[in-house]
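Its first residue numbered 1, the sequence shown is counted upward by one per residue in full-length UniProt numbering. A virtual CB, placed ideally from N, CA and C, is assigned to each residue, including glycine.
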Amino acid sequence: MSSTATTERPERGASRSSAQTTSGAGSSGSVMREIMSGNGMVTVLAILLSLIISALLIIFTNQDFLDAAAYFFSRPMDALAAAWTAVTSAYAALFRGSIFNYEASSVTGMFHPLTETLTVATPLIIISLGIAISFRAGLFNIGGQGQMIFGAMFATWFGVHLQLPAGIHLLLVLIMGILGGALWGSVVGALKAWTGAHEVILTIMLNYVAINLVTYLLYTPVLQAEGSTNPVSDALEPTALFPPLIGDSFRLNWGFVVAILATVFAWWLLSRSTIGFRLRAVGANPTAARTAGISVRSMYITAMAISGGLAGLAGMAQVSGTEKVLNTDVAGSFGFDAITVALLGRSNPIGVFFAGLLFGALRAGGVTMQVETGVPIDIVLVVQSFIVLFIAAPPLVRTIFRLPQPGALKARTSADPVTQPLAAGVAASTTATADGTTHAPAGATGDGAGLADAEEEATADEADVSSTPPDSGPPLGSHPTAEEVHQDEDARRRAAGEGEQL
């Protein structure tokens, strides 16, 4: 008897080790499948696909490649070399103009492209955060353009017509920029909440109102520079401008620090605050949020006010950081690019921040690419457009790269008992006692090692049951008497004594 038990222990240990190895391999495979099926992988591959398609456009619009393609079948390497040169030179120029100019002769020249990227990305990041917050609240805010213009207009008036100490003046201009954008955004939220008007129609119309209103005011003494006939304001007071961040040799200013703080604020608002929870609840299901006691109307107004306030802050950063004056083109295409950035960042503040850096790099490097290689800067718009296309159609990206679907991992996990050792072991090995409580045997441990022991014991029990005649043994539900118990104990003692003598 003891020798048999000793022989079974190594087998159970080997089974336990095998189960642990299988469980470890399954967990690592699950992590890899989770990464491959996640939205982050889709975003990275969407950017990669956009760059590949843009490379094809660069190749087929390059004159050297077209000339070499005329005799492709006689000398194919000439066409391939021309295609390679066209793509690498264009993307190398894009890198030198946005990240690091390794051909520059001075340290300032080497890092100047990076500072330009951060400068261009500053207002784009801030306004994109506002768009992302409205998205999380279930509102499609495409009025960032008008809200940014209103913030810039408020900031310009207070920056030009007031003379205050440096710190106080800059802080006041910053607050006025936020207030201007928040007021313009609140109009949309109020109309949406009280009349049911669609926010897309409202924001489109208010964009036109803001653009034409600021154009009109720039032709009046309210904002127009003295002695000028052009639609441009006076320069803001030096006390209302952001100081340089790393020296006068670069345009990068403290507005980029404001963009970082705005990112932290947006993350805290959505992830750690009560208002953020209510905004996300309304965005997920307004009916359920209303049933839970959340005022959907007030959340609509709050979301648009915060979104507009961040857009107004972006306008303030533009006039107090880089432009230093207000003109009709102060917002550029930031309002519409912000929609793309918010989509690329999945409406997550951290994702929006890095997406804004990417688009800032494309903008800054596109100029260098056009000057050095002749590739039109419009290729940057092509890249951005394809990014939006692929982000909006994740099944297309998953099909091209044969990625697993998001629900495939959960379905596989529920079907595979190896990935659920604890649940399976506990469910299979718990026993019920007479008092109604449940107890697990000592072999069932939380690390899944007891699962193999339980399976072996269940298999042995099944073998014993199958080898016993149906009529032998007590009837189902009967209990042994005291005499039968003593007889069984005597039989076990005699069997043990005979085993020791052998």
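Sequence-distant residues of its chain with Cβ nearer than 6 Å to residue i (five each side left out)
i: G181; result: Q147, F150, G151, G308, G309, A311, G312
i: A55; result: V87
i: Q224; result: L218
i: P286; result: V296
i: W268; result: none
i: A69; result: A79
i: G130; result: S307, L310, A311
i: G365; result: L94, G97, S98
Close beta carbons around residue i, own chain, < 7 Å, minus the five adjacent residues each side
i: Q370; result: P376, I377
i: G293; result: none
i: G351; result: G345
i: T108; result: S249
Cross-strand partners of residue i (DSSP beta bridge)
i: V232; result: N327
i: Q224; result: S233
i: N348; result: For N348, which the question treats as bridged, DSSP gives no partner whatsoever.
i: N253; result: P244
Euclidean distance between Cα positions of residue i and residue j
i: A190; j: S298; result: 8 Å
i: G159; j: G247; result: 23 Å
i: V330; j: G144; result: 13 Å
i: Q384; j: V44; result: 13 Å
i: V103; j: V388; result: Note on identity: in this sequence residue 103 is Glu, with Val being the wrong assignment. Each residue's Cα considered, the two are about 33 Å apart.
i: L344; j: V380; result: 15 Å
i: T328; j: Y216; result: 10 Å
i: A393; j: V232; result: 42 Å
i: S347; j: V200; result: 18 Å
i: I391; j: A46; result: 6 Å
i: L80; j: F60; result: 12 Å
i: A90; j: A338; result: 25 Å
i: F65; j: H161; result: 57 Å
i: K192; j: W157; result: 29 Å
i: L241; j: K324; result: 7 Å
i: L206; j: P113; result: 36 Å
i: F154; j: F401; result: 49 Å
i: A259; j: A314; result: 9 Å
i: G335; j: A305; result: 16 Å
i: Y71; j: D78; result: 9 Å
i: A132; j: G196; result: 21 Å
i: R278; j: T302; result: 10 Å
i: P349; j: S50; result: 23 Å
i: L362; j: S98; result: 7 Å
i: A284; j: E34; result: 24 Å
i: T430; j: I142; result: Interpretation of T430 is limited by its pLDDT of 45, a score under 50 that renders its predicted location unreliable; the figure taken from the coordinates is listed afterwards. If you take the alpha carbons of T430 and I142, they lie about 58 Å apart.
i: A342; j: S74; result: 49 Å
i: A289; j: G138; result: 12 Å
i: Q63; j: A92; result: 19 Å
i: Y300; j: V187; result: 11 Å
i: G276; j: I52; result: 38 Å
i: A82; j: T373; result: 13 Å
i: S333; j: N39; result: 27 Å
i: M176; j: T229; result: 27 Å
i: L213; j: T291; result: 41 Å
Segment limits, alpha helix (DSSP H) that includes residue i
i: T391; result: Before going further, note that residue 391 is Ile rather than Thr in the sequence given. 378 to 392 is the span of the alpha helix (DSSP H), which, as asked, contains I391.
i: N101; result: Looking at the DSSP string, N101 is not in any alpha helix (DSSP H), and its letter there is neither H nor E.
i: L56; result: 39 to 60
i: R278; result: 274 to 284
i: V375; result: Unbroken run through V375: none, as it is neither H nor E.
i: H169; result: 166 to 195
i: H161; result: 144 to 161
i: Y300; result: 296 to 317
i: A68; result: 63 to 69
i: T239; result: That residue, T239, is in no alpha helix (DSSP H); it is neither H nor E in DSSP.
i: Y219; result: Where Y219 is concerned, there is no enclosing alpha helix (DSSP H), given that its DSSP letter is neither H nor E.
Close beta carbons around residue i, own chain, < 8 Å, minus the five adjacent residues each side
i: P243; result: N253, W254
i: M110; result: F100, N101, Y102, A104
i: S467; result: Residue placement at S467 cannot be trusted, given a pLDDT of 41 that sits under 50; the coordinates are not used to answer.
i: L396; result: F390
i: L174; result: A155, V258, L313, M316, S320
Contact between the stretch 351 to 366 and the stretch 119 to 130 (3+ Cβ pairs under 8 Å): yes
Inter-stretch contact (C-beta, 8 Å, three-pair minimum) for the stretch 169 to 184 and the stretch 233 to 244: yes
Validate contact between the stretch 249 to 258 and the stretch 112 to 122 using beta carbons, cut 8 Å, 3 pairs: yes
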